[in-house]
Structures are given as structure tokens and as C-alpha cells.
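Visitor: Note that the protein sequences, when read in sequence, are chains A and B.
For the first sequence, my numbering assigns the number -2 to the initial residue and increments by one for each residue that follows.
For the second sequence, my numbering assigns the number 154 to the initial residue and increments by one for each residue that follows.
Cβ coordinates follow ideal geometry from the N, Cα and C atoms, glycine included.
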Amino acid sequence: MSARYGMVIDLDRCTGCGACMMACAAENNVPALPKATNRTGLTPMLVRKVSNGRNGVAQREVFIPILCMHCEQHTPCVSVCPQQAVEVDRATGIVMQMPQRCLGCRYCMTACPYHARYFNWWDPAWPAGTEKSLNPGVAVRMRGVVEKCNMCHARLHAAQEKAAAAGKREIDPADYVPACVEACPTGAIRFGNLADPNDPVTQESHSPEAFRFLARLGTEPKVYYKSKEAWVRALAEAASSTEVQHG
Amino acid sequence: MKFTRRDLLAWSAGAAAGLIVTPIPWKLLDDTSIWSQNWPWIPQPPRGPVETKRSFCTLCPKGCALRVRMAAGWPVGISGAPDNPATRGALCPLAYGAHQLNWHPARLKAVRHRGNTSSWFEASTAFAKASTEGPVVIIDGFPGRSTSQLFQDFASKRAAQYRVVLSPEIRSLRAYEAWAGVPATALGYDLENVRTIVSFGARMLDGWGSPGRFSHLWAEQASGKTDPQLRLIQIEPQLSRTASRAWKWISIRPETDSALAAGIARVLLEQRLVRATGPMPRLSLTEASSLTGLGPDAIHDLAQVLVAEKPTLAIADGDNPAVAALNFVLGSIGTPGGIIQTTKSAMPYLPAESNIDAARAVLIDSSVPWDFDVQTEAEVFRFAAWDGGSSKADWLLPAPGFLEELTDIPSAPGSSVQTYSLTAALTRPAFEVHTAAQFLQNVEPQIGKPEEIIHQRCAQIFKARTGSIYAADVAAVSNCSSPQKLEEAMWAGAIWMNEPLYNSRLLRSLREWPTEAGSATPQNSENTWSPGILPPLSSKLYCESNLCESSERRNA
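#1: For Ser678(B), would you say it is in contact with chain A, using Cβ-to-Cβ distances shorter than 7 Å as the test?
#2: Could you give the C-beta distance for Glu201(A) and Ala192(A), rounded to a whole number, given that I count them as a contact under 8 Å?
#3: Between Lys180(B) and chain A, is there a C-beta pair that is closer than 7 Å?
#4: Per DSSP, what are the beta-bridge partners of Thr127(A) in this structure?
#5: Whose Cβ in chain B lies nearer than 7 Å to the Cβ of Ala246(A)?
#6: Count Cβ pairs between the stretch 98 to 106 of chain A and the stretch 226 to 236 of chain B that sit closer than 8 Å; are there 3 or more?
#7: Give every residue of the same chain whose Cβ lies closer than 8 Å to the Cβ of Ala156(A), excluding the five residues on either side of it in the sequence, and list them in chain order.
#8: If contact is defined by three or more beta carbon pairs under 8 Å, each pair taking one atom from either stretch, is the stretch 568 to 580 of chain B in contact with the stretch 331 to 349 of chain B?
#9: For Lys145(A), which beta-bridge partners are listed by DSSP?
#10: When you compare only the Cα positions, how much space is there between Asp380(B) and Asp9(A)?
#11: Given this structure, state the Cα-to-Cα distance separating Thr89(A) from Val75(A), to the nearest angstrom.
#12: Considering only the beta carbon of each residue, do Leu413(B) and Ile405(B) sit closer than 7 Å?
#13: Output the distance between the C-alpha atoms of Gly287(B) and Pro28(A), rounded to the nearest integer angstrom.
#14: Where does Leu212(B) sit, in a helix, a strand or coil, going by DSSP?
#15: Mapping the DSSP letters down to three states, classify Asp160(B) as helix, strand or coil.
#16: Please return the same chain residues whose Cβ sits closer than 8 Å to the Cβ of Val458(B), not counting the five positions on each side in sequence.
#17: For Asp454(B), which three-state DSSP category applies?
#18: Determine the contact status of Pro214(B) and Phe304(B), defining contact as a CB-CB distance below 7 Å.
#19: Which residue wins for smallest C-alpha separation from Gly487(B), given the options Pro653(B), Gly471(B) and Ile517(B)?
#20: Kindly indicate the opening and closing residues of the alpha helix (DSSP H) around Gln609(B).
#21: Starting from the C-beta of Val44(A), find all residues in its chain whose C-beta is less than 8 Å away, skip the five residues before and the five after it, and write them out in chain order.
#22: Using beta carbons (cut-off 7 Å, strictly below), is Pro218(A) in contact with chain B?
#23: Looking at the secondary structure, which residues open and close the alpha helix (DSSP H) in which Met643(B) lies?
#24: Helix, strand or coil for Ala136(A), going by three-state DSSP, please let me know.
#25: Going by CA-CA distance only, name the one from Thr572(B), Leu326(B), Ala511(B) and Phe536(B) that's closest to Ser479(B).
#26: Under the rule that 16 or more other beta-carbon atoms within 10 Å means buried, what is Phe274(B), buried or exposed?
#27: State the Cα-Cα distance for the pair Cys177(A) and Ile186(A), rounded to the nearest angstrom.
#28: By DSSP's criteria, His266(B) is part of a beta bridge. Which residues make up the other side?
#29: Out of Val54(A), Ile6(A) and Lys145(A), point me to the one whose CA is closest to His112(A)'s CA.
#30: By DSSP's criteria, Thr349(B) is part of a beta bridge. Which residues make up the other side?
#31: Taking Ile143(A) as the query, report the chain B residues whose CB atoms sit under 8 Å from its CB, ordered along the chain.
#32: Evaluate Pro553(B) with the Cβ neighbour count: other Cβ atoms within 10 Å of its Cβ, from every protein chain shown; 16 or more gives buried, anything less gives exposed.
#33: Using the Cα positions of Gly360(B) and Lys32(A), report the straight-line distance between them to the nearest angstrom.
#34: Below 9 Å between beta carbons is the criterion; list the residues of the stretch 96 to 125 of chain A that meet it against any residue of chain B, in chain order.
#35: Closest by CA to Ser277(B), which one among Pro551(B), Tyr695(B) and Glu641(B)?
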């Protein structure tokens, strides 16, 4: 049975600590290049602070983890890639990026409505010796390719290998948890199979408090957000991050 | 046979069609792409057997439980240990990149004497000479370890002084020390049973206490609820991350926490909203209102909220006697959901002040935060794994880095129960490092070794037969067959956790409202506990998101 992996991020639980960003970067061997800026750095998981735009004690802030939304339909990055370096994995629903095929044209970055794709402007580099602390499950990407969240695909491979070694065809859901989900200290990020109606994540995605960013585009993103606050839910249809006031 | 123009066109068309059909150009393009992506200068991760080991973080005194993924003997990934009841699988963001810290460019690799490279022999000789010429002060940032015990042993044998840099959580408990006659390190906050928390600037969701402890409680009992089971009221001038997630955020003028605590206490006592009858603050409600910028009605309403859902606990950011006295008025000392005693065996510590007079030498352990800088004429021997920048240290001595040291982990500051765990060195440093305890052993060989003290402590836990051992399964200490078995389990990553000690007679009386005002944060010490060096990933990510206020510490 094919899966549709997705997430529900409870924004009322997110404290903006950034553990998800750190865990993601460490898991995926993201280099900490001193010359990278907020426009040129790699942040497959990026926590944004957004204010309600009011002053004084009426001011409120919410922290929104932004990652690839893994669009199911008319996936914009897939549509524009001239190299077939992006594809939606029909077995998992994960939007996969293959750096070996990527030419670095950055059409996909332009097409992505969520600005969740990043370009490797430089060769990856770490202080001498740090290569010993890199994750052996994830290949280091090179200069000139685009990358993004792949829901920690290396962990999925490891879970599949474990299941195969045990003679099973299906993985144990407990064996496949992306790094950001594992790291969240408040359990704000939940991960599951949206194709399974009994999965708690599927049920949460149907809650009236759940929403998806830019759902009107019809791309069926598989990352849902959730909040009891009306002003937070109203952010869902902001066309881009520039339409909301950052704190 | 004549090769005509028509033949040339036909051959060209055939070649073009063939090129399209054949996979050769595409294969060459693919190979070129792969070849160009595997330059020899691109770093490659280590290859070798992968295993997961359990350990504890030693970057700060909270000692969070870790699962460390090792490849070819090197730590390549950090995650929390969900079966640890103290941290419940949560870690602070820094921990996720901590395994890269050992390769940080600022790592201290050799002994430095006033900016010049020196040797361990010279450092040891200089310290031995200084210790014979005058008094020595040893400063510890992580009290309660076996290493701390060795520091105290050295101090008693050599007439030296042992002082401690207290964490913000312990500093906020210092006011109770005098009233209850119990050291601040023997006290804790019973957050698990509290219904209302009023935080006077303590960043409850941003680094206060063990990351997993309060964040889990808040997420389960408070987040997103209009009438939560756990009410977090944050009193702070600015909208912090904690304030933005709190049930209520109350903005007051900076440094008027004491005035607000006094104003609330006055309302509680005058309106008999609490059982206590005193002590009455000298400050009137009007005065408290004008100082804090909150109206008298707002203070009155806040007092009503505090007693609506009890137990209520007031937590200060640092040593604030007025906030501590508010807990006395609320009846939150020595009761479940309040300030409770965690152990009966803790010793009081002399806090380290930045100003140290009349010492010949000062030895600073690597556990002391880099922000702590002594003002002294004495010769300063500072142990550190990383050089955090300018510091008044004559000698910089390389200490073990992350996961490079065998040590024990006592209770986290502010914990409501006594805990104990052990961590082995998982990796070896690539250059010569020593702990401060090893350094002192060279000068005074009779002070023993940390391993011996760890054996003794495990034996004491076994003998007392209280509490439980938490690993994959929970086992009562009384079910352990021998102290060796208990110690084995702890070396494998288990944690010993004692039962809570609820003692309603902890505080006998408080006759006068404390006169000290404001938060007495030690000079030269920041409110948050931070290592001298941040993992490069954290400084990068915080600056690339908009979570970071400034870029000063970027790639620190």
C-alpha cells in the first residue's frame, strides 16, 4: 500500500526554540558557511516569527516552521524542472530532489510558492575535522544544486532496510520519524501517513483548526498547520511571506 | 560510389535521430554531473559501523539525557532519550549540533600562557608554586559532581577556597536559604503539581530549567487552551518567546518586579485572599502601581487570578527576595506545587563573586560559563575546551570537549527530585587535554579520582534503597542485586531518581518583608547560561531565520 507522508504542525505549541532547525541541519549535513546570509544560506527547515501587527499588550507572535510542503497535485517544482530532478514519489508522497540530475537553473526555486528551496552557492565546507561528525546516511551536496526538505529520506531508507531484514514489507511507523519531529520538545510537529484514515495525524489534519498555506493554489500540500487563533489561521492565504508582518 | 549532397543530408538526419535515441549523450551528461559532484575536496562523512550509545550532555548543569549515534567511533548525531523521566527526550537546540563543537576553530588545543604557547609541565609548576605562596580559590560551575568533591578535598587539604558560580535557577532559590536553613542547591520547584505559575522574567520556555521538563508540561497542560490546566503568567517588559506563548503576558516597567510582587502581596493580605497574615510589604498599592506602570485594578485582578487556581508558584529570574516572599504569602513553600526540599544531604556553597581579593591563584573549572570573568590581581588558571574570547586568564588550559570526559551528573538546578547519572567518555580528543581534577592531582596526589567517588556514591544509593532506576524499563533500587549491578546500569545510560520529599515544615516564619529590591544578578554574569562557543550551525540558523535579535554571536 502506498503512503502519503505528511505533517501537522500545531502552531499553538511551537515556542520558536529552533530545535527543529538544528536537528534538520545536523541530520542533513548542512554546512555552516560563514559567508552565507539569510538569502543565500541553506535552511530546509526555517522557523519564522510572525507578529499580529498590534502594539503593546495586544501584541502577539507566532512561530511558523516553514519547510517543503510536499505538494501532491500540480507540484510547481516538478512542473518546471527541465532535468526531471524533482519528482513526487508515488510510494510515499514525498517530493524528492535528486542533486545528481540538478543543473542549478533554479526554476524550481522561482516556482515554489513557499520559498522552501535553497541553492548551494558554495562548495560545502566545515572546519577541519568536522567531517568526522557528519551523518554518514546523507550524502554531502555540492555547489550548484538546489535542495530542500525530503522528510529525512535517509531515515526512511534505514526503516525500509530494517523491515526488509526482518522479512517485513511494511515499515514500523516508529522507525521512520524525521529529525525535526523527533527534536520538537513540545511535540508541536507531528508526522504520519495521511493515506491512513486511522492515523492521528490524518485525523488532526481534518480538524476545523487545521489549515494549509496557500491552499487556494490547488497544489494539495501535505504539511498542515493548526491553531486556535483566528489571526494565525488568517495567515494561510497570505500570498507570500512579505504580506505578513515579521516581528 | 559518389557521396552526394543528398547523402550528406540523409546521413546528418540519421545521425541526429540516432543521437536522440541513443542513451550515450544522456549517460555522458549524467556521468559528468556525478563526477563534477564528487570533487576530492568535498568532505565525506565517516564510514564504519553505526551504533547508538546513551550519554548525558555536559554543556551546562542541566545534564540532559542523550542518544548518541556513533559511526566509526565518532559521534555523528544527537537526539534526546525519551525514556528519561527528567528530560523526556527533549534537548535544547544547541545540543543537536554539539557533536560538531569539538572541531570548532576556537577549540583550545594547547596550553597558552598570556597569549603564548606553553606546556602542561610549566602550567603545573606555576600552579604548584602559586599554591605554596598564598591562598588559592577554586571556582566550579557545575557543583555536586565527583569532580566538585575533589575540588573540595583539595581546598580542605591546601587551605584553599571552593566557590561556585550558581545557575539562574539556583540563584532564584537563594532567598529561601536564609529563611528555611536549607542550601539553595537542596531546593527545587515542584512544577509537576503546580496550577498557576507567575514568572517574573524567568524565561520558562526559553532555556529555564531542563528543556524537556517544563516544555512538556506546558505542551500537555497549557498550549492553545483558553482555560488551561497549567496557567503561565509571564511578567516582563518586552514580548519574549515565553511571553508570546504564555496564558497571560503582563508588561511592567523594567526592574520593577519587586514592586509588583509587593503590590500583589499587599492585595492578597489586605483582602484576606490567603491564609497568611504577614509580612505586610511597606510599599502601598498606589506606590506599587506608579512604579510598575500597572493600574491598581490590574494588580488587584492579578492577585485574584493567582489565588483562583492553586497551587500557585512565583518564579524570579535570579535572586529576588520579594518574589520569594510572595511565595511565602501564597503558602507555596514546602508544599506540593511549591518550593520543596529535594535532598537532606546538600552542603551550602560559597557563591563566586567576580571580585576576588587576597588570592594568590584562581583556578576556574571548564564548567564555569565563559561570561564569568574574575576581577583579581591573582594568577588565573582557566580550564576551557574552547576559547570564548577576551578573558582575564593568565593560563588557558585545554579541557575535554563534548562527550570527551568521564563524569557524573547530579540533579539539574531547580529539579523537584534528586537525580544522579553517569556518563563515560565516548570519544578521545585529538590532542592533550586534562580536567581540572587531573591537574590538581598532580599538585596534591592524595585527593583521589572521580571514579572512586562515583563508586562510593553508587554504593550509597544502593545502601539507601530509595528511588528508582530509569532506563528502557523502570526498576526500584530496592530490586537491584548489588551496587555493581546498579553502577553498571548507570554507566549504560540509566538515571537514578529519588522520591520527592514534601516537607511542610520547610519554612517556619518570615516576619519582615525583605528590603532588598530588584534582581541581584551577579556582576559579569548573564541571565542565561550559555557556553563560550555556540555550535556553528546554531549561530548560522538563528541568523538566517528571524529568531535572532543580532548577529553578534554569529559563528562565535
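Guide: On the basis of the coordinates in this document:
#1: One-based indexing of the second sequence puts residue 678(B) at position 525. A caution first: Ser678(B) carries a pLDDT of 38, below 50, which makes its placement in the model unreliable, though a value can still be read off. Not one chain A Cβ lies under 7 Å of Ser678(B).
#2: What you label residue 201(A) is simply residue 204 of the first sequence in a count that begins at 1. What you label residue 192(A) is simply residue 195 of the first sequence in a count that begins at 1. Between Glu201(A) and Ala192(A) the beta-carbon gap is near 15 Å, outside 8 Å, which marks them as no contact.
#3: By 1-based counting over the second sequence, the position of residue 180(B) is 27. Not one chain A Cβ lies under 7 Å of Lys180(B).
#4: One-based indexing of the first sequence puts residue 127(A) at position 130. DSSP lists no beta-bridge partner residue for Thr127(A).
#5: Residue 246(A) cannot be examined here, being either before or after the span of chain A that is shown, -2 to 244.
#6: no
#7: Counting from 1 along the first sequence, the entry for residue 156(A) is found at position 159. So the list reads Ile168, Asp169, Asp172 and Tyr173, once near-sequence residues are dropped.
#8: yes
#9: Along the first sequence, read from residue 1 onward, the residue named residue 145(A) stands at position 148. As far as DSSP is concerned, Lys145(A) takes part in no beta bridge.
#10: The count along the second sequence starts at 1 and reaches residue 380(B) at position 227. The count along the first sequence starts at 1 and reaches residue 9(A) at position 12. Each residue's alpha carbon lies about 14 Å from the other.
#11: Numbered from its first residue, the first sequence carries residue 89(A) at position 92. Numbered from its first residue, the first sequence carries residue 75(A) at position 78. The straight-line gap from Cα to Cα measures roughly 16 Å.
#12: Locating residue 413(B) in the second sequence gives position 260, counting from the first residue. Locating residue 405(B) in the second sequence gives position 252, counting from the first residue. Yes, these two residues count as a Cβ contact at 7 Å.
#13: Locating residue 287(B) in the second sequence gives position 134, counting from the first residue. Locating residue 28(A) in the first sequence gives position 31, counting from the first residue. Straight-line Cα distance between these residues: approximately 49 Å.
#14: Along the second sequence, read from residue 1 onward, the residue named residue 212(B) stands at position 59. Coil at Leu212(B), not helix or strand.
#15: Here residue 160(B) is taken as the residue at index 7 of the second sequence, counted from 1. Asp160(B) falls in the helix class under three-state DSSP.
#16: Along the second sequence, read from residue 1 onward, the residue named residue 458(B) stands at position 305. Excluding sequence neighbours, Val458(B) sits near Thr349, Arg384, Ile386 and Lys401.
#17: As a working mapping, residue 454(B) is identified with position 301 in the second sequence. Helix at Asp454(B).
#18: For the purposes of this step, residue 214(B) is taken as residue 61 along the second sequence, with counting starting at 1. For the purposes of this step, residue 304(B) is taken as residue 151 along the second sequence, with counting starting at 1. No; because the gap between Cβ atoms is not below 7 Å, this pair is not in contact.
#19: Position 334 of the second sequence, counted from the start, is the residue given in the question as residue 487(B). The shortest C-alpha separation from Gly487(B) is found at Pro653(B).
#20: Locating residue 609(B) in the second sequence gives position 456, counting from the first residue. Residue range Pro603 to Ala617 is occupied by the alpha helix (DSSP H) that includes Gln609(B).
#21: Here residue 44(A) is taken as the residue at index 47 of the first sequence, counted from 1. Counting only Cβ-Cβ distances below 8 Å, and skipping sequence neighbours, we find Cys11, Gly13, Gly15, Cys17, Met18, Phe60, Ile61, Pro62 and Ile63.
#22: On the first sequence, residue 218(A) is found 221 positions in, with the first residue counted as 1. Chain B contact via Cβ: absent.
#23: Numbered from 1 along the second sequence, position 490 holds the residue referred to as residue 643(B). Taken as a continuous stretch (DSSP letters only), the alpha helix (DSSP H) holding Met643(B) covers Pro636 to Trp644.
#24: As a first step, residue 136(A) is located in the first sequence; it is residue number 139 there, counting from the start. Ala136(A) falls in the coil class under three-state DSSP.
#25: Taking the first residue of the second sequence as position 1, residue 479(B) is located at position 326. Per the sequence presented here, residue 479(B) reads as Leu, with Ser not at that position. The candidate whose alpha carbon is nearest that of Leu479(B) is Leu326(B).
#26: In the second sequence, counting from the first residue as 1, residue 274(B) sits at position 121. Exposed: under 16 other Cβ atoms inside 10 Å.
#27: As a first step, residue 177(A) must be located in the first sequence, where it is residue number 180. As a first step, residue 186(A) must be located in the first sequence, where it is residue number 189. Cys177(A) and Ile186(A): Cα-Cα distance of roughly 7 Å.
#28: The residue labelled residue 266(B) in the question sits at position 113 within the second sequence. Paired residues: Asn269(B) and Trp548(B).
#29: Walking along the first sequence from the start, residue 112(A) turns up at place 115. Residue Lys145(A) is the option with its Cα nearest to His112(A).
#30: If you number the second sequence from 1, residue 349(B) lands on position 196. According to DSSP, which records beta bridges pairwise, Thr349(B) is partnered with Arg384(B) and Thr465(B).
#31: Within the first sequence, residue 143(A) is the residue found at index 146, counting from 1. Strictly speaking, residue 143(A) in this sequence is Val, with Ile absent from that position. By Cβ distance, chain B contributes nothing, its closest Cβ being about 13 Å from Val143(A), past 8 Å.
#32: Within the second sequence, residue 553(B) is the residue found at index 400, counting from 1. Buried: at least 16 other Cβ atoms inside 10 Å.
#33: Residue 360(B) sits at position 207 when you count from the first residue of the second sequence. Residue 32(A) sits at position 35 when you count from the first residue of the first sequence. C-alpha separation (whole angstroms): 29 Å.
#34: Pro96, Gln97, Arg98, Cys99, Leu100, Asp120, Pro121, Ala122, Trp123, Pro124 and Ala125
#35: By 1-based counting over the second sequence, the position of residue 277(B) is 124. Of the listed residues, the one whose Cα sits closest to Ser277(B) is Pro551(B).
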